[in-house]
Every structure is written in C-alpha cells, then in structure tokens.
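Report on the structure given below.
2 protein chains.
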Amino acid sequence: MKSRDKKTNDVPDCLKLDNQLCFPLYACAKAVTHRYRPLLDPFDLTYTQYITMMVLWEKKAINVKELGEKLYLDSGTLTPVLKKLESKHYISRHRSEQDERNLIVKLTEEGAALKEKIVTVPEQMSCCIDLTREEAVELHKLLHKIITTMK
Amino acid sequence: MKSRDKKTNDVPDCLKLDNQLCFPLYACAKAVTHRYRPLLDPFDLTYTQYITMMVLWEKKAINVKELGEKLYLDSGTLTPVLKKLESKHYISRHRSEQDERNLIVKLTEEGAALKEKIVTVPEQMSCCIDLTREEAVELHKLLHKIITTMK
DNA sequence: TACAATTTAATTGTTGACAATTTAATTGTA
DNA sequence: TACAATTAAATTGTCAACAATTAAATTGTA
Numbered sequence: 011m012k013s014r015d016k017k018t019n020d021v022p023d024c025l026k027l028d029n030q031l032c033f034p035l036y037a038c039a040k041a042v043t044h045r046y047r048p049l050l051d052p053f054d055l056t057y058t059q060y061i062t063m064m065v066l067w068e069k070k071a072i073n074v075k076e077l078g079e080k081l082y083l084d085s086g087t088l089t090p091v092l093k094k095l096e097s098k099h100y101i102s103r104h105r106s107e108q109d110e111r112n113l114i115v116k117l118t119e120e121g122a123a124l125k126e127k128i129v130t131v132p133e134q135m136s137c138c139i140d141l142t143r144e145e146a147v148e149l150h151k152l153l154h155k156i157i158t159t160m161k
Numbered sequence: 011m012k013s014r015d016k017k018t019n020d021v022p023d024c025l026k027l028d029n030q031l032c033f034p035l036y037a038c039a040k041a042v043t044h045r046y047r048p049l050l051d052p053f054d055l056t057y058t059q060y061i062t063m064m065v066l067w068e069k070k071a072i073n074v075k076e077l078g079e080k081l082y083l084d085s086g087t088l089t090p091v092l093k094k095l096e097s098k099h100y101i102s103r104h105r106s107e108q109d110e111r112n113l114i115v116k117l118t119e120e121g122a123a124l125k126e127k128i129v130t131v132p133e134q135m136s137c138c139i140d141l142t143r144e145e146a147v148e149l150h151k152l153l154h155k156i157i158t159t160m161k
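Top to bottom, those sequences are chains E and X.
If you want my numbering, it's the position in the first sequence, counting the first as 1, plus 10.
If you want my numbering, it's the position in the second sequence, counting the first as 1, plus 10.
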C-alpha cells in the first residue's frame, strides 16, 4: 500500500506531497510564523527579531557565534537582524575588549523593558494552536528528536 | 511550574525559546529543508522548486492560483520559481485560451522524466529522519491539525 | 619572534517569502 | 452596452536564509 512502486495516478506514494513529513513541517512552520505577524507588529518586531530578543532576555550578553548556535542561524543572517534591532534601540553591539573578533550583543534598557510588555504574545499564540497539553508535549518531543538527530 | 509568572533567571517560562512550540517547529523545518539540499543538487532543484514539481507530477496542468493553494505560496513567490523551472526546461508556462488571466503550468517531457530518477530522494530523506513509523504518523497528524486550524 | 592556521563577523550573491500595488482580463450589473 | 467590481498573475520592496568569500584578530608552532 505504501511501497515505492505502488502507484495511484502514476505517481509513487513517496513522491506525493501529503505523504511526506517535510512538507507539512514546512507548511506548518510557515503558518505559525505567519500568525505571529499581527501579534508582533505592535512591537515593531519580525519573527526572527523576536526570537533573537528571546535569547537576549535569557542571557543579557552574547556574541554572534553563540547566538547563532542557539537560533541555528549564521552571521550572514544575524548581522542584518542585529543591525535592525540596534537601530530600534533594543540592543547594543560592541566588540569585545578581550578579543576583538567577538561582537558582543547586549540588551538596552528599552530592549529589556520590552520583555514585560511582550508576554501577551506567547499567551495569544498558545491559544490559537489548538492542541491539548499532551499533544503539544508529544509534538515538542518529536520535533526535538528530529532536530537532534539531524544536527 | 509553568505559569506565566513563574520565573527562572527572571524570564517567564512562556518567553523561553525551548518552551515554545513555534521555535522547534521553525528549527526543525529548516533542518529538514537543509538536508534536502545535497540530495536535490544533482537535479539542479531547490526545495521550493522540488515541491512545485511534486504537484506537477500529480497533476499535469495547473494554474498559478491552484498551485499556490496546494503549496501555500502566492504568485509573488511562485512567479520567479516557475520562471526558473521554465528556464531549466522542466515546465512550460502558457496563458489559458479560455481565460487569459490564467497562466497554465505544464510538465515538459524532461520534467515528467525527472520523476523516475528522483524517487531516491524521498527514500533517502525518510532514512535520515529517525522516527518510528508510529511516531511519523503521529507527527503528521499533529502537524495537520495545526495547519487546518490555522487556516 | 615570524608566520601559518584558525576563528569570528561581515560581505556578496542567490533564492525564497510575503505584503502591497499594478496590470490586464473577465464578470456582474445599472 | 458601458463601466464598476472582481479575479489572476506579475511587479516592487522588504526581510530572511544560507553558501561562499573576505577581512581582521587571535592562536599555534617552527
């Protein structure tokens, strides 16, 4: 029924969009990110800028490399994101004095203060993801399993 | 333990990257798409081009609107993707004679032939996603639940 | 110490994603 | 029929993602 050669409409099952795991994953990630937009607009943040801020709320100072490891992003993506956040006065960017290769990113007061206002965002998001607590935990577990084995 | 106000390191739990569902989703989708790259390179296809071809292998002719509904993409994304696929001679693009607003996308012979060669790709992918059959089914179910409730 | 190797960010170039707008064709209706 | 409203795709502009390369600082070692 699900072998490679079994065909309906002369396409192997494994080449059908809906039989793949990757496509729902891709579609779902886009749909969720999309939902963030109206929630983040009032704070003048994009989703990528938001997750960058999340790292900083947990860790006041961090360099680009370490930030990239947490977010799975490289400096090519992060440099412009960080410059944007700096221009919004949410973060500061300075070279480390010990090692000038490192760029240290820090929250500004304004950036730190944002944390208090923005807690409504994850609350609103979890509302519109219509899963039970158990389903959410299960999904989280499965996603992490893939992420760790992929790395 | 997981209330909004419960804090460790003075960040509410709900604002921690790893407590969110959206971030693992985003990270996982990127990791999987990334894995496609070396598999698709020999066919000179990007992931987006690949899923576009998948729709066409199932449905020989389709217009941009319908294609966009299947892939959750708009014409702003699809127009350049389709032009690229056309330049690679995998598809043809023609206006419908009945309604000139519609652009009809069709497989070329070369594009149709690609299907036979590319079946190894989903096979290789399913190998490197380290889930049991049951886990994969469960993940698929959960993702679809989110996608449908989000739309 | 000198200089090769490594490390860190930034830059460049390509592709993707999407909002907002534009253009052209078709449909609805006064 | 005339023309307003709608529809489909393309265009424009912005941000994101990532490979590959570059520039600068640091580290390792002959």
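Cβ coordinates follow ideal geometry from the N, Cα and C atoms, glycine included.
{"Asked": "Is it buried or exposed, E/G121, if we count other Cβ atoms within 10 angstroms and call 16 or more buried?", "Found": "buried"}
{"Asked": "Quick one: what does DSSP say X/D15 is sitting in, helix, strand or coil?", "Found": "Confidence at X/D15 is low in this model, with a pLDDT of 44, below 50, so the placement of that residue should be treated as unreliable; the coordinate-derived value is given next. In this structure, X/D15 counts as coil in the three-state DSSP scheme."}
{"Asked": "Please report whether the beta-carbon of E/F33 lies at a distance below 8 Å from any beta-carbon of chain X.", "Found": "yes"}
{"Asked": "Taking CB distances under 8 Å as the criterion, tell me whether X/K125 reaches chain E.", "Found": "yes"}
{"Asked": "Kindly provide the ranges of any beta strand (DSSP E) runs that are 3 or more residues long and lie completely inside the region 40–105 of chain E, ordered along the chain.", "Found": "71–73, 101–105"}
{"Asked": "By the criterion of Cβ-Cβ separation under 7 Å, what are the contact partners of E/C24 in chain X?", "Found": "V129, P132, E133"}
{"Asked": "So, helix, strand or coil for X/I114, using DSSP?", "Found": "strand"}
{"Asked": "Can you tell me the Cα-Cα spacing of X/V74 and E/L49, whole angstroms?", "Found": "30 Å"}
{"Asked": "Sort E/C38, E/Q30, E/L25, E/F33 by Cα distance to X/I156 and report the nearest one.", "Found": "E/C38"}
{"Asked": "Along the chain, where does the alpha helix (DSSP H) containing E/I128 start, and where does it finish?", "Found": "119–128"}
{"Asked": "Going by other Cβ atoms of all chains shown within 10 Å of its Cβ, with 16 needed for buried, is X/T130 buried or exposed?", "Found": "exposed"}
{"Asked": "Just the Cα atoms here: how many angstroms apart are E/L55 and X/Q108?", "Found": "45 Å"}
{"Asked": "Counting along the chain, where does the alpha helix (DSSP H) carrying E/L149 start and finish?", "Found": "143–160"}
{"Asked": "Within 10 angstroms of its Cβ, does E/P34 collect 16 or more other Cβ (buried), or is it exposed?", "Found": "buried"}
{"Asked": "Measure the C-alpha to C-alpha separation of E/S136 and X/T118 and round it to an integer number of angstroms.", "Found": "45 Å"}
{"Asked": "Hey, is X/I157's beta-carbon within less than 8 Å of any beta-carbon in chain E?", "Found": "yes"}
{"Asked": "Tell me the rounded alpha-carbon separation between E/L31 and X/A146.", "Found": "7 Å"}
{"Asked": "Identify whether E/L35 lies in helix, strand or coil by the three-state DSSP scheme.", "Found": "helix"}
{"Asked": "Could you compute how far the alpha carbon of X/C138 sits from the alpha carbon of E/E79?", "Found": "22 Å"}
{"Asked": "List the residues of chain X whose Cβ lies closer than 8 Å to the Cβ of E/L92, in chain order.", "Found": "What E/L92 touches in chain X: nothing, since even the nearest Cβ is about 17 Å away."}
{"Asked": "For E/T58, which residues of its own chain have a beta-carbon under 7 Å away from its beta-carbon, when the five flanking residues on both sides are left out?", "Found": "V91"}
{"Asked": "Look at the alpha carbon of X/L149 and the alpha carbon of E/L149, and state the distance between them as a whole number of angstroms.", "Found": "6 Å"}
{"Asked": "Measure the C-alpha to C-alpha separation of E/T18 and X/K125 and round it to an integer number of angstroms.", "Found": "Reliability fails at E/T18, whose pLDDT of 46 lies under 50, so the model's placement of it is uncertain and the value that follows must be treated cautiously. Spanning the two alpha carbons is a distance of roughly 14 Å."}
{"Asked": "Around the C-beta of X/P22, are 16 or more other C-beta atoms found within 10 angstroms, so that it is buried, or is it exposed?", "Found": "buried"}
{"Asked": "Confirm the yes/no value for this check: CB of X/L92, any heavy atom of the ligand NAP, distance under 7 Å.", "Found": "The ligand NAP is absent from the structure shown, which contains no ligand whatsoever."}
{"Asked": "Let me know the secondary structure DSSP gives E/D140 once reduced to three states.", "Found": "coil"}
{"Asked": "For the region 61–74 of chain X, enumerate the residues whose C-beta is nearer than 8 Å to any C-beta of chain E, in chain order.", "Found": "I61, M64, V65, W67, E68"}
{"Asked": "Assuming E/L95 and E/T62 make a contact with CB atoms under 8 Å, what is their CB distance in whole Å?", "Found": "6 Å"}
{"Asked": "What number of angstroms, rounded off, separates the C-alpha of E/D84 from the C-alpha of E/K69?", "Found": "18 Å"}
{"Asked": "Between E/T158 and X/L153, what straight-line distance do the alpha-carbon atoms span, to the nearest angstrom?", "Found": "19 Å"}
{"Asked": "Please compile the residues from chain X whose C-beta is within a distance smaller than 9 Å of the C-beta of E/T43.", "Found": "C32, L35, Y36"}
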